[in-house]
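One structure is given here, and the rest of the page talks about it.
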Amino acid sequence: MARHLIAEFRARAGEYVEQKRFDLERVSRRVAELEKEYGVHFDLSSPVPDESIGKAVFEAGFTLAVEAGLYLVDESRVAKFREEELWEALKSARNRIVVGRGRDARTLGYREPGDRVFVFGGLAGTPTPLEFFVESAASYALVPRVDGIDHGSVQAVMGEMVRSGAPSEVLAGLREMESLRSALRMAGRPGMHVLGAESSVGSVGSLGAMSLGLLRPGDAQLLPVLNELKTDYHQLVKAYVGGLKGVLGAALVDPVVGGFARGPAGSAIVSVAEILLAMVAYGASYFLVHPVHIVKKATSTIECMWVESVVGLANRYMRLPLVGDVWPANGGGTREYLYEVAANTLVAVVSGLNLLGPVPANGTQPNGGGVDAMFMAGLADRVVEENVGFNRAWGLALELYKRYEARIMSPDPGKPFWELYDAKKIAPRKEWLETINETIREIAQNI
Amino acid sequence: MSEDSCSSVFERVGRAVAELDYAGAEAGVAEALGLGCDVNRLVEEGLRRGMVEVGARFERGDYFLPELVEAGELFNSLMEKHVLPRLSTRGGSRRGLVVIGTVRGDIHDIGKNLVALMLRVNGFEVVDLGVDVSPDRFVEAVKKYRPDVVGMSALLSTTMLEMRNVIDALKSAGLRDKVKVIVGGAPVTEEFAREIGADAYGRDAVDAVEKCIRLLEKHT
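Residue numbers (the working numbering), protein chains in the order written: chain Y, -1 to 445; chain F, 208 to 427.
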């Protein structure tokens, strides 16, 4: 039986739990206990994790996944999975998958710190006007080092804002996918891996795109685990249909740091639990790790980088294709943005993560382009080639952090794609390119 | 009753609230009322001071959302059980009343809950309508509670359009000029707030509280 049906039937027969009780007792309280039981601790004054922490985080996350289960909000009931089922799913999970098609296919896999980094480029989930959608997407696809694309969200069609669950949301998903296909053809990479139909947060965009062949085998759709340890029928339906159609599932694991997942230590434990539950309930093929700080939001905060790093270390016991999201607070055109990208990249790469981003201004404005992903990928490659160690990378990241810390809470969103780029030529403007090159030289001196 | 003994009890109440010690806080409240201490001062110097400390601990990263929720419940429970019955006959000390909810089609509540809690921490009374709240329910709540402010939250760009529907519904019911409207949530922008005719946009929970305070200042 398909995993998604198992999850549905388990939940329907599962224990009824009021959502608030699930949040406070099954998640928060238990997470606090697990932090103590397994000795998982975050110290802001000394934030570099010990590499050995991965085992404890994995074990605590595994325990949480078994004990708490996955909460199905439509039923207010919990789908539980036995310990042996999770182990079996881990054993049978592919740790390397081929994504994309033809000569544009690439391998996305579990990586040791010295392995090549798979790089996703694009303004993932960011509202992007259709007028510049193709050009901005193409700016990423034209970067040879970008392996896959996750770009933009269409928020208005035919002059009207998109409405949840309505035909306009289906149309937004279709427009997004059509534009992405055009961009990939324009870049000469038609088979590039697409993580798409993100204009629809429910299920209708993905279902529409899959039914019309705009999301195809080799592509992926986003399957978020809802905060925390929850899902709904939209996600299960998408995952089920995707499974039937050969479209991969990319699970989004985005615990709120400071929320019901508690602080960074708890959020790392919750992340592992959510990865395991997404694997067993969604049949997800790869996993996006995206901690969101409840106040500061960006993945480049110390707390969120710590979570990404520690989840990467815990993955040594899961060996799954994990991707670290790089979502800075600042945006393209600012130097702080580049420092954030660099710090986040350093930490994620030495922790064994692949990369997705950078997505400027926390994904709120289309203020970036492909050259930003080139900057991120170039640094990732340098870290791998130079065999930069875990502590060294963290040390550099903390140095960089000093240069943008003050702008995390009052970020400069930067300039939109069409100001950073000559949109017709799909080429970055001289001023922005010079800033990037200066920052590369500045960082390279320290590696 | 001496000023000193009341101040000392208020301090203990504040500490107990900050430590999420319900029994300690309730004992302190009972003691203060038994001593005949001023109820408004008990709220300001005891309960609210404790909640302000809870908020500070949250901002420092010492407390997380569960502690904020717990503190909110503790505060509300003590207010309802011991304080409000007395305040109703002696004049309230609340800063204002806010009706808040996540709009129709959207079940995300973390941001909305955070704003509600921070409003309570800062002295507002809050009626939380929950998630997936239709325009009609907002209108009914405005008729029933006569709030100073209506707060709407949405996490999705596809549901934030409901905010316009709520404002239109308030207009149709002849209530728009009787209440201030503040909107917020991840996809919401200042520009969008202006476009739909809201009075304010809250970037985050702290900003939302500041904007509500300013709205009431303008209002009065």
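Virtual Cβ for every residue (Gly too), placed ideally from N, Cα, C.
All figures in this text were calculated on a predicted structure; none of them were measured in a lab.
Whole-number beta carbon distance between F415 (chain Y) and N365 (chain Y), since they are thought to touch under 8 Å: 7 Å
Which of helix, strand or coil does DSSP assign to E347 (chain F)? helix
Given that D411 (chain F) touches chain Y, what residues does it touch there, using C-beta distances under 8 Å? V293
Please give the ranges of any beta strand (DSSP E) in the segment 239 to 282 of chain Y, keeping only runs that are unbroken, at least 3 residues long and fully inside the region. 246 to 251
Could you tell me which of Y:R109, Y:I147, Y:V160 and Y:E174 sits nearest to F130 (chain Y), measuring between CA atoms? Y:E174
Can you name the start and end residues of the beta strand (DSSP E) that D323 (chain Y) belongs to? L320 to D323
Output needed in chain order: residues of the segment 273 to 286 of chain F with a Cβ under 7 Å from some Cβ in chain Y. P273 and V276
Do you know whose CA, among Y:I441, Y:E432 and Y:L418, lies nearest S137 (chain Y)'s CA? Y:L418
Starting from the beta carbon of T365 (chain F), find every residue of chain Y whose beta carbon is closer than 7 Å, and list them in chain order. V160, R161, S162, E167 and V199
Apply the 10 Å Cβ neighbour rule to L262 (chain Y) and answer buried if 16 or more other Cβ atoms are within range, or exposed otherwise. Strictly speaking, residue 262 (chain Y) in this sequence is Pro, with Leu absent from that position. By the neighbour-count rule (16 or more Cβ atoms within 10 Å), P262 (chain Y) is buried.
Best match in Y:L227, Y:A312 and Y:G119 for proximity to A54 (chain Y) [C-alpha to C-alpha]: Y:A312
Can you list the residues of chain Y that F271 (chain F) reaches, using a CB-CB cut of under 7 Å? G256, G257, R260 and G261
Beta-carbon separation (whole angstroms), A66 (chain Y) vs R28 (chain Y), contact threshold 8 Å: 6 Å
Please identify the residue among Y:G257, Y:G119 and Y:A135 whose C-alpha is closest to the C-alpha of K422 (chain Y). Y:A135
Can you give the beta carbon distance from G194 (chain Y) to A237 (chain Y), rounded, assuming they're within the 8 Å contact cut? That pair is no contact at about 15 Å.
At what residue ranges does the segment 373 to 438 of chain Y contain a whole run of the alpha helix (DSSP H), taking only runs of 4 or more? 388 to 402 and 415 to 418
Flag this pair as yes or no: are the beta carbons of S360 (chain F) and G392 (chain F) separated by less than 8 Å? yes
Where P507 (chain F) falls, given that 16 or more other Cβ within 10 Å makes a residue buried: Residue 507 (chain F) lies beyond the stretch modelled for chain F, which goes from 208 to 427, so this question has no answer here.
I need the DSSP call for M359 (chain F), collapsed to helix, strand or coil. strand
Ignore the nearest five residues each way along the sequence and tell me which others in V373 (chain F)'s own chain have a CB closer than 7 Å to its CB. V310, P342, F345 and M359
Cβ shell of I420 (chain F) (< 6 Å), same chain only, five flanking positions each side left out: none
Three CB pairs or more closer than 8 Å across the segment 340 to 351 of chain Y and the segment 315 to 327 of chain Y: yes
Closest Cα partner of G98 (chain Y) within the set Y:H191, Y:P45 and Y:L221: Y:H191
Beta-carbon proximity check, A266 (chain Y) vs V38 (chain Y), cutoff 8 Å: yes
Helix, strand or coil for G206 (chain Y), going by three-state DSSP, please let me know. helix
Looking at the C-beta of G312 (chain F), does it have a partner C-beta in chain B at a distance below 8 Å? No chain B is part of this structure, whose protein chains are labelled Y and F.
Please list the terminal residues of the continuous alpha helix (DSSP H) segment that includes D211 (chain F). E210 to A225
Within chain F, partners of P125 (chain Y) - CB distance below 8 Å: S364 and P394
As an exercise, report each continuous alpha helix (DSSP H) stretch of at least 4 residues that is fully enclosed by the segment 290 to 337 of chain Y, in chain order. 300 to 312
Which stretch, first to last residue, makes up the alpha helix (DSSP H) that contains I307 (chain F)? First-last for I307 (chain F): G303 to T309, but that is the beta strand (DSSP E), not the alpha helix (DSSP H).
Proximity below 8 Å, CB of A271 (chain Y) to CB of L227 (chain Y): yes
Quick one, are the C-beta atoms of G331 (chain Y) and K413 (chain Y) less than 8 Å apart? yes
Chain F contact for G12 (chain Y) (CB, 8 Å cutoff): no
Could you tell me which uninterrupted alpha helix (DSSP H) segments, each at least 4 residues in length, are contained entirely in the segment 51 to 136 of chain Y, listed from first to last along the chain? 51 to 66 and 81 to 90
For the segment 212 to 236 of chain Y, enumerate the residues whose C-beta is nearer than 9 Å to any C-beta of chain F, in chain order. L224, N225 and D230
Simplified DSSP state of I445 (chain Y), which is helix, strand or coil: coil
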